[in-house]
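Enquirer: Here's a structure for you.
Protein chains: 2
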Amino acid sequence: MEIEDGDTSLEDLIKSRVKTIPDVPIPGILFRDITPLIGEFSVFQQIVSASVRAYRGTVVDYVAGIEARGFIFGTPLALQLNAGFIPIRRAGKLPRPTIATSYTQSYATSTIELHIDAVQAGQKVVVIDDVLSSGGTAAAAISLLEKLGAEVVGATFVIELTSLGGRARLNGYPVHTLARY
Amino acid sequence: MEIEDGDTSLEDLIKSRVKTIPDVPIPGILFRDITPLIGEFSVFQQIVSASVRAYRGTVVDYVAGIEARGFIFGTPLALQLNAGFIPIRRAGKLPRPTIATSYTQSYATSTIELHIDAVQAGQKVVVIDDVLSSGGTAAAAISLLEKLGAEVVGATFVIELTSLGGRARLNGYPVHTLARY
């Protein structure tokens, strides 16, 4: 159940609110700032509702949000799906034993971590972040969850930067996005 | 409307789930890990519901969450209060013009930032974070919001470390906490 052919009015609304900042975090990168989307209650609410609709009929035990903007969209999604929330964090932020993985983005190498007891084998997890770009972060998050035996039943992003190939990199997982650039 | 004399069964539930890790992030500090609270849907839901109840009858335009765990508890609170959400972030994370302030915690100096257009003068804001310890971070967040002319109508924390004096430091603001150590 892709949202691809879905709600163009929500996509237009999102695009009317997102602010695009050139050369952040480095020259040549266009940063898509989602803070106006969450500052306006009705827009934030519509984004969460559309994210929830994508998982109607799907069993979801946990929503795993990627630090930090994935926490913002992931916690309301978890609560509306009657699911728990798992934070996937930057290195050194989680206080108990973790598994970790490093990956290369277009402009940096990053490490993310997951508590080893965050999920049990066979549990069904949705991964969420604000933006799907090259897919490196999401693929790393999925690899951590799968190392613990979880089944990743979907990946949700508010914004998809289609030219960066993230959807292809997440081939085999249902990918849901709300606004595409 | 303090929750002080409130829901001892929720306080007991929270304390039964929080994991206490000694010497994190530095020797001598007891770290209170809230990840089990959010991993269990029914516990997370009860925490959000209790946070919402504290603002019944209060006008709230925005909930401002302090990076990163304040995002986790703050976004569901904002949505349930029909309010927008404002992220207060570590230095260098927000892409547009900000105001910033630095403050000293027991073990480090930190800087937090707020987009200068995040709130308008006279708007009513609730500040939220996972833990109230010395109150330095929350006081810094409040000072940023007030510099922009906002009115801080309350500060919510899931956990209060009472021996560290945070509540006294936030004297004059309604402080709501759900579990006290």
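As given, the protein sequences belong to chains A and B, one line each in that order.
Those letters in the first sequence? Residues 0 to 180, by numbering that gives the first Met the number 0.
Those letters in the second sequence? Residues 0 to 180, by numbering that gives the first Met the number 0.
All C-beta atoms in this analysis are idealised placements derived from N, C-alpha and C, irrespective of residue type, glycine included.
Just so it is clear, the structure is predicted and the values come from calculations on it, not from any experiment.
Chain B partners of A:I67, CB-CB under 7 Å?
Expert: The residue you call residue 67 of chain A lines up with position 68 of the first sequence. Looking at the sequence shown, residue 67 of chain A is not Ile but Ala. Result: E66, A67, F70.
Enquirer: Express the C-alpha separation of B:F156 and A:D4 in angstroms, rounding to a whole number.
Expert: The residue you call residue 4 of chain A lines up with position 5 of the first sequence. The residue you call residue 156 of chain B lines up with position 157 of the second sequence. Residue confidence for A:D4 is low, a pLDDT of 47 falling below 50, so the modelled location carries little weight; the figure read from the coordinates is stated next. If I take the Cα positions, the gap works out to 41 Å.
Enquirer: Looking at chain A, is there any beta carbon in it that lies within less than 8 Å of the beta carbon of B:D4?
Expert: Numbered from its first residue, the second sequence carries residue 4 of chain B at position 5. Caution applies to B:D4, whose pLDDT of 47 falls short of 50 and renders its modelled position unreliable; the model cannot decide the point.
Enquirer: Is there a Cβ of chain A sitting closer than 8 Å to that of B:P96, yes or no?
Expert: Along the second sequence, read from residue 1 onward, the residue named residue 96 of chain B stands at position 97. With 8 Å as the cut-off, B:P96 does not count as an interface residue toward chain A.
Enquirer: Can you confirm whether B:V38, when its beta carbon is compared against all beta carbons of chain A, has any partner nearer than 8 Å?
Expert: Counting from 1 along the second sequence, the entry for residue 38 of chain B is found at position 39. Here residue 38 of chain B is Gly; the residue named in the question, Val, does not match the sequence. Cβ-Cβ to chain A under 8 Å: yes for B:G38.
Enquirer: On the DSSP letters alone, give me the boundaries of the beta strand (DSSP E) that A:G182 sits inside.
Expert: Here chain A covers residues 0 to 180 and nothing more, so residue 182 of chain A does not appear.
Enquirer: Rounded to whole angstroms, what is the Cα-Cα separation between B:R168 and B:A178?
Expert: Along the second sequence, read from residue 1 onward, the residue named residue 168 of chain B stands at position 169. Along the second sequence, read from residue 1 onward, the residue named residue 178 of chain B stands at position 179. Each residue's alpha carbon lies about 18 Å from the other.
Enquirer: Which whole runs of the beta strand (DSSP E) in the segment 80-125 of chain A are 3 residues long or more, in chain order?
Expert: Counting whole runs of 3 or more residues, the segment 80-125 of chain A contains the beta strand (DSSP E) stretches 83-89, 97-103, 108-114.
Enquirer: Hey, quick one: how far does the beta strand (DSSP E) through A:I20 stretch, first residue to last?
Expert: Locating residue 20 of chain A in the first sequence gives position 21, where the first residue counts as 1. From DSSP, the beta strand (DSSP E) with A:I20 extends over 18-21.
Enquirer: Determine, for A:Q44, whether the minimum Cβ-Cβ distance to residues of chain B falls below 8 Å.
Expert: Taking the first sequence and counting its residues from 1, the one referred to as residue 44 of chain A is at position 45. Judged by the 8 Å Cβ criterion, A:Q44 is in contact with chain B.
Enquirer: Identify which residue in B:E145, B:I115, B:V47, B:L131 has its Cα closest to the Cα of B:L80.
Expert: One-based indexing of the second sequence puts residue 80 of chain B at position 81. Closest by alpha carbon: B:V47.
Enquirer: Assuming B:V174 contacts B:V151 under a Cβ cut-off of 8 Å, what Cβ separation, rounded to an integer in Å, is found between them?
Expert: As a position in the second sequence, residue 174 of chain B is number 175, starting the count at 1. As a position in the second sequence, residue 151 of chain B is number 152, starting the count at 1. In fact, because the Cβ distance is near 11 Å, the residues do not count as touching under 8 Å.
Enquirer: Pull out every residue of the segment 6-26 of chain B whose Cβ sits closer than 7 Å to any Cβ of chain A, in chain order.
Expert: Those would be K18, I20, V23, in chain order.
Enquirer: What's the C-alpha gap between B:K14 and A:A117?
Expert: By one-based count along the second sequence, residue 14 of chain B stands at place 15. By one-based count along the first sequence, residue 117 of chain A stands at place 118. Rounded to whole angstroms, B:K14 to A:A117 spans 18 Å at the Cα level.
Enquirer: How close, in whole Å, do the beta carbons of B:R31 and B:V130 come, if the pair is a contact with beta carbons under 8 Å?
Expert: Residue numbering aside, residue 31 of chain B sits at position 32 when the second sequence is read from its first letter. Residue numbering aside, residue 130 of chain B sits at position 131 when the second sequence is read from its first letter. Right, their Cβ atoms sit about 6 Å apart.
Enquirer: Determine, using beta-carbon pairs with one atom in the segment 93-111 of chain A and one in the segment 36-53 of chain A, whether at least three such pairs fall under 8 Å.
Expert: Output reads no: the segment 36-53 of chain A does not touch the segment 93-111 of chain A.
Enquirer: A:I2 to A:T136, Cα distance in whole Å?
Expert: Your numbering for residue 2 of chain A matches position 3 in the first sequence. Your numbering for residue 136 of chain A matches position 137 in the first sequence. Confidence at A:I2 is low in this model, with a pLDDT of 44, below 50, so the placement of that residue should be treated as unreliable; the coordinate-derived value is given next. The alpha-carbon atoms of A:I2 and A:T136 are separated by roughly 21 Å.
Enquirer: My assumption, with CB atoms under 8 Å, is that A:Y180 sits in contact with A:A154. Please give the rounded CB distance.
Expert: Working through the first sequence from its first residue, we reach residue 180 of chain A at position 181. Working through the first sequence from its first residue, we reach residue 154 of chain A at position 155. Actually they do not touch by this definition, with Cβ atoms about 17 Å apart.
Enquirer: I think A:I98 touches A:I65, with their Cβ atoms under 8 Å apart; what is that distance to the nearest whole Å?
Expert: Here residue 98 of chain A refers to the residue found at position 99 of the first sequence. Here residue 65 of chain A refers to the residue found at position 66 of the first sequence. Going by Cβ atoms, the distance from A:I98 to A:I65 rounds to 15 Å, so no, they are not a contact pair.
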